[in-house]
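Heads up: the sequence shown begins at 34 in the working numbering, then just goes up one per residue. All C-beta atoms in this analysis are idealised placements derived from N, C-alpha and C, irrespective of residue type, glycine included.
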Amino acid sequence: MTPPIAVADVRTVCCAGVGVIGGGWAAYFLARGYDVVAWDPAPGADDRLRHVVDAAWPALTELGLADGADRSRLRFEPELDKALAGAEFVQESAPEDLELKRRLLADLDAAAPEGVVIGSSTSGYGMSEMDTLADHPERLVVGHPFNPPYLIPLVEVVGSERTSPEVVAWAGDFYRHVGKSVITMDREVPGFIANRLQEALWREALHMVNAGEATVEQIDLSITDGPGLRWPIHGPMLTFHLAGGQGGMAHMLDHFGPSLQSPWTRLVSAELTPALRDAVVDGCEREADGRSIDDLVAERDAGVIAILRALGRA
Ligand SMILES: NC(=O)c1ccc[n+]([C@@H]2O[C@H](COP(=O)([O-])OP(=O)(O)OC[C@H]3O[C@@H](n4cnc5c(N)ncnc54)[C@H](O)[C@@H]3O)[C@@H](O)[C@H]2O)c1
Numbered sequence: 034m035t036p037p038i039a040v041a042d043v044r045t046v047c048c049a050g051v052g053v054i055g056g057g058w059a060a061y062f063l064a065r066g067y068d069v070v071a072w073d074p075a076p077g078a079d080d081r082l083r084h085v086v087d088a089a090w091p092a093l094t095e096l097g098l099a100d101g102a103d104r105s106r107l108r109f110e111p112e113l114d115k116a117l118a119g120a121e122f123v124q125e126s127a128p129e130d131l132e133l134k135r136r137l138l139a140d141l142d143a144a145a146p147e148g149v150v151i152g153s154s155t156s157g158y159g160m161s162e163m164d165t166l167a168d169h170p171e172r173l174v175v176g177h178p179f180n181p182p183y184l185i186p187l188v189e190v191v192g193s194e195r196t197s198p199e200v201v202a203w204a205g206d207f208y209r210h211v212g213k214s215v216i217t218m219d220r221e222v223p224g225f226i227a228n229r230l231q232e233a234l235w236r237e238a239l240h241m242v243n244a245g246e247a248t249v250e251q252i253d254l255s256i257t258d259g260p261g262l263r264w265p266i267h268g269p270m271l272t273f274h275l276a277g278g279q280g281g282m283a284h285m286l287d288h289f290g291p292s293l294q295s296p297w298t299r300l301v302s303a304e305l306t307p308a309l310r311d312a313v314v315d316g317c318e319r320e321a322d323g324r325s326i327d328d329l330v331a332e333r334d335a336g337v338i339a340i341l342r343a344l345g346r347a
């Protein structure tokens, strides 16, 4: 394939699909001083995008905007061909629907200029499942962010066997260049690394609500006032290294290893019945206690910034 341009030469990014994640990406790229062209086929997508960008802007301003960063550099383009015409990188963030992603990635590939790398925000599909209709799968790569992509540093990068290794390396360099923390995986793993871990926790949480063992509020409190406080500092591995005292992880495994056989976990999906759905939705409303989604976004953003600053990461 035509080699991609140098990461430092990228000026214009196309965000294809601009809901929660694509809108967050658009805000992030704008704050880093890029021109952003957004495309999304849904009626009203333009207004919803501006709402997401406006909600993100105070946090991004507080963290420091790049020279020239301006929300006026966002353009919404209803026609895909025009949206892609000047793009030097494409971030796809359409709904998590395999057939839709296949079709869309093929369309993006057909219309994007030669040599332009296309990253997908997918939460868990492998690129080898999504690239099947594309003529140039070598330029398609997963760039999996975390909500909100304008604040959470991590992006997981992984290609399919058809992705050019150059493109995988380029994507990692590009995300790093724009200020992200990057994990590049050398093989496809369902859910990548972080979502696989999140999913395990989420399944257990749904089981506990379903069985009446814990409320939605108790589940949230158990993490925010418990293990969640340690995770921004040390991940689950170093956290347990300290749980072993001076003996570290070796003592931890020897001591607690046998209890790992205890039947605590139920790692199969809880059936998402209407009753379970309602219990989780109602629990969240109760816990939100009158705070709107916008209120919660502002609260979360302020908290994430405070944590990043406290740890010297922002
Ligand atoms: N929400 C999260 O926490 C999260 C985190 C990481 C990754 N992701 C991934 O990001 C992607 C987007 O998720 P989201 O949460 O932003 O969803 P969303 O529903 O908020 O946004 C999806 C957007 O895609 C648009 N869309 C619909 N059909 C489309 C099409 N054919 N082509 C392009 N756009 C189309 C919709 O109008 C909407 O604006 C998914 O792949 C998801 O797995 C989500």
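Relative to ligand 1, the beta carbon of F179 is positioned inside 7 Å of a heavy atom. The straight-line gap separating the alpha-carbon atoms of R108 and D73 is approximately 12 Å. In the displayed model, E189 falls within a strand according to three-state DSSP. If you look at W72, you'll find it in the beta strand (DSSP E) that goes 68-72. By the Cβ criterion, the stretch 190-202 is in contact with the stretch 216-231, since at least three pairs of Cβ atoms, one from each stretch, lie closer than 8 Å.
At a threshold of 7 Å, T306 does not count as near ligand 1, since its beta carbon sits no closer than that to any of the ligand's heavy atoms.
Out of L141, P181, D130, L133, the CA that lies nearest to the CA of A60 is found in P181. Within its own chain, the residues whose Cβ lies closer than 8 Å to the Cβ of R324, once the five positions on either side in sequence are excluded, are E332, listed in chain order. For G55, no beta strand (DSSP E) segment is defined; the enclosing uninterrupted segment is the alpha helix (DSSP H) at 53-64.
Residues E189, F225 of the same chain have their beta carbon placed closer than 6 Å to that of H177, with the five preceding and five following residues left out of the count.
Around L93, the same chain offers A60, A64, Y183 as residues with beta carbons nearer than 7 Å, after the five sequence neighbours per side are excluded. E121 and T45 do touch by the CB rule: their CB atoms are close to 5 Å apart, below 8 Å. Ligand 1 never approaches I185 closely enough for any of its heavy atoms to be under 7 Å from the residue's Cβ.
By the neighbour-count criterion, in which a residue is buried when 16 or more other Cβ atoms sit within 10 angstroms of its Cβ, K115 is exposed. Ligand 1 has no heavy atom closer than 7 Å to the beta-carbon of V188. Placement of the Cβ of P74 at a distance of less than 7 Å from at least one heavy atom of ligand 1 is found.
Relative to the non-hydrogen atoms of ligand 1, the Cβ of G55 comes within a distance shorter than 7 Å of at least one.
Runs of alpha helix (DSSP H) with 4 or more residues, each lying fully within the stretch 228-270, are found at 249-257, listed in chain order. If you check the CB distance, L344 and P265 come in under 8 Å.
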